[in-house]
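First up is the structure itself, then whatever we jot down about it.
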Amino acid sequence: DGSAGGGAEDGSAAGGAAAGGGGGVGLESCVTSPVTASAIHRTPSAADLLRKVGPEDFEVLCVVGQGAFGKVYQVYRAMTEEVLAMKVMRKDRILGKDHAEYVQTEKSILTRIKHPYVVELRYSFQTPQKLYLLLEFVNGGHLYYQLIRQGIFSEKVAQLYAAELVLALEHLHSQGIAHRDLKPENILLDVDGHIKLTDFGLARTMGDSTRETNSMVGTVEYMAPEILTAKGHGKAADWWSLGVIICEMLTSEVPFKAKSRAHLQKAIVSSKLKLPAFLSSQAHSLLKGLLAKDPANRLGAKEGAAELRRHAFFKGINWRALEERRVPSPFKPEVQSELGLRCTSNFDEQYTSMPPRDSPISSPADGFVFAEGQKDPFEGFSYTCPSVLTRVASTGKFSLGESSDDGSAAAGVGA
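Sequence positions in the sequence shown follow the numbering used here and run 293 to 707.
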């Protein structure tokens with residue numbers, strides 16, 4: 293499927309702190325040479341900081357992921373001293389797969405969500421041929437990578453990560469959003485050992501009903517039965533996926549396996565759940581509740597995250613402290629302290645060893661020409677996170693109301 297760690301059907305990679313991307317990526321104007329000390333320490337002007345961001349503002353450090361639409365890079369912005377994950381997507385490939393709506397939805401959802409356990413979108417912009425998403429860089433690697441490294445997690449570690457995912461999903465669901473592609477490849481760990489949910493390429497805004505859409509989305513091993521049977525699905529499908537992830541953390545295996553995709557789908561829909569005897573009674577109860585075949589009977593279907601918060605598996609969790617990231621993680625990824633956020637040792641070497649090199653694109657140099665009356669599917673893609681502008685304003689050099697050189701106001705969302 294072309295994704296880092298076996299990604300979603302849309303080919304998205306969860307590399308770095310970003311999801312998606314694909315194929316060869318051109319970095320027309322990105323800086324690939326080291327940033328000089330003078331550039332780092334030069335005091336930027338108000339016009340510098342408030343002008344629209346583009347590829348030329350970022351030094352490419354290395355590749356950290358790849359998918360169907362482009363690569364994901366670790367980059368550095370000297371002006372704001374940020375290390376970020378830059379997801380670069382080719383418009384021709386997006387349009388070829390008719391996925392423009394998915395990309396716009398991902399960007400739109402990321403601009404709405406602000407949560408300690410969800411990756412933050414800092415900037416988005418486009419060139420005539422490519423789309424760029426700049427997200428916070430999370431350097432503990434994917435949960436998938438750590439599962440391979442660590443094997444079975446203790447119930448204490450699994451409890452914390454499951455609880456953090458409960459909070460992330462609770463927030464998404466409160467905003468009417470279903471993630472729909474929850475899996476270890478789309479969960480990152482930060483330097484402190486806390487999770488960051490990423491890759492919203494398949495996410496959708498939904499109502500309260502459990503039967504909102506019939507589309508087949510996600511990665512089969514983590515798909516809920518109602519998705520596979522096309523009976524319509526909603527937010528309860530996320531609780532099923534959470535159950536699969538918890539099972540994988542505790543046993544190193546997904547609950548349903550088969551030699552072919554067709555047999556796997558059949559097993560998920562109709563096979564009885566079998567759990568190893570070494571799991572605690574609380575873990576057994578939680579997994580049986582989350583992996584109920586009927587979404588109406590699934591744990592979380594009736595009262596949402598409140599049902600999970602009350603479950604015995606989470607006994608001892610201080611939910612308020614967890615919401616404020618005040619609960620220390622019993623596991624911390626190995627990160628070279630001298631490199632800080634620049635450390636990429638927790639990412640797959642098959643990506644980090646790649647040169648950040650441009651690839652030829654067959655589309656016209658000036659981008660895409662749409663028929664008269666046809667709407668540009670990438671219109672309104674540019675964005676700057678309000679928190680970035682707040683940090684800029686806090687320098688005291690100017691106010692958020694000041695305009696950039698092109699006359700555009702320093703609002704949270706660009707044109």
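Each residue gets a CB set at the ideal place from its N, CA and C atoms; glycine is no exception.
I need the straight-line Cα distance from residue i to residue j, nearest angstrom please.
i	j	result
residue 469	residue 404	10 Å
residue 707	residue 344	Note that residue 707 has pLDDT 30, beneath the 50 cutoff, so the model's placement of it is unreliable and the number below is only indicative. Roughly 10 Å between the two C-alpha positions.
residue 637	residue 461	28 Å
residue 523	residue 541	29 Å
residue 447	residue 375	33 Å
residue 572	residue 451	12 Å
residue 353	residue 382	20 Å
residue 612	residue 456	11 Å
residue 628	residue 668	44 Å
residue 479	residue 431	12 Å
residue 678	residue 532	34 Å
residue 491	residue 550	26 Å
residue 575	residue 610	18 Å
residue 437	residue 422	29 Å
residue 601	residue 579	14 Å
residue 391	residue 673	14 Å
residue 587	residue 593	7 Å
residue 396	residue 589	33 Å
residue 356	residue 563	37 Å
residue 417	residue 346	7 Å
residue 519	residue 387	25 Å
residue 433	residue 458	20 Å
residue 671	residue 398	14 Å
residue 377	residue 472	22 Å
residue 521	residue 370	50 Å
residue 583	residue 535	6 Å
residue 406	residue 615	12 Å
residue 641	residue 570	34 Å
residue 463	residue 488	13 Å
residue 639	residue 410	19 Å
residue 394	residue 493	6 Å
residue 525	residue 366	35 Å
residue 442	residue 449	11 Å
residue 552	residue 373	47 Å
residue 467	residue 599	18 Å
Please say whether residue j and residue i have beta carbons closer to each other than 8 Å?
i	j	result
residue 560	residue 515	yes
residue 495	residue 401	yes
residue 675	residue 415	yes
residue 368	residue 348	no
residue 565	residue 581	no
residue 427	residue 412	yes
residue 585	residue 648	no
What residues in its chain sit with their C-beta under 6 Å from that of residue i, if we drop five residues either side in the sequence?
i	result
residue 249	Shown here, the chain extends from 293 to 707; a query on residue 249 therefore has no answer.
residue 454	538
residue 646	355
Give every residue of the same chain whose Cβ lies closer than 8 Å to the Cβ of residue i, excluding the five residues on either side of it in the sequence, and list them in chain order.
i	result
residue 577	603, 604, 605
residue 465	527, 530, 596, 597
residue 439	445, 476, 540, 541, 544
residue 607	574
residue 619	452, 609, 610, 613
Which same chain residues end up closer than 7 Å to residue i when comparing Cβ atoms and leaving out the 5 residues on each side of it in sequence?
i	result
residue 484	621, 624
residue 543	444, 568
residue 328	Note that residue 328 has pLDDT 39, beneath the 50 cutoff, so the model's placement of it is unreliable and no number is given.
residue 617	408, 486
residue 548	556, 559, 560, 563
residue 633	375, 429, 431
residue 482	430, 432, 488
residue 635	431, 627, 628
Original post:
Can you give, in chain order, each stretch of the beta strand (DSSP E) that sits fully within the stretch 415-474 and has at least 3 residues?
Top reply: Segments of the beta strand (DSSP E) lying fully in the stretch 415-474: 422-428.
Subject >> Residue ranges of each alpha helix (DSSP H) within the stretch 506-532, 4 or longer >> reply: Considered as a whole, the stretch 506-532 harbours 517-520 as its complete alpha helix (DSSP H) runs of no fewer than 4 residues, in chain order.
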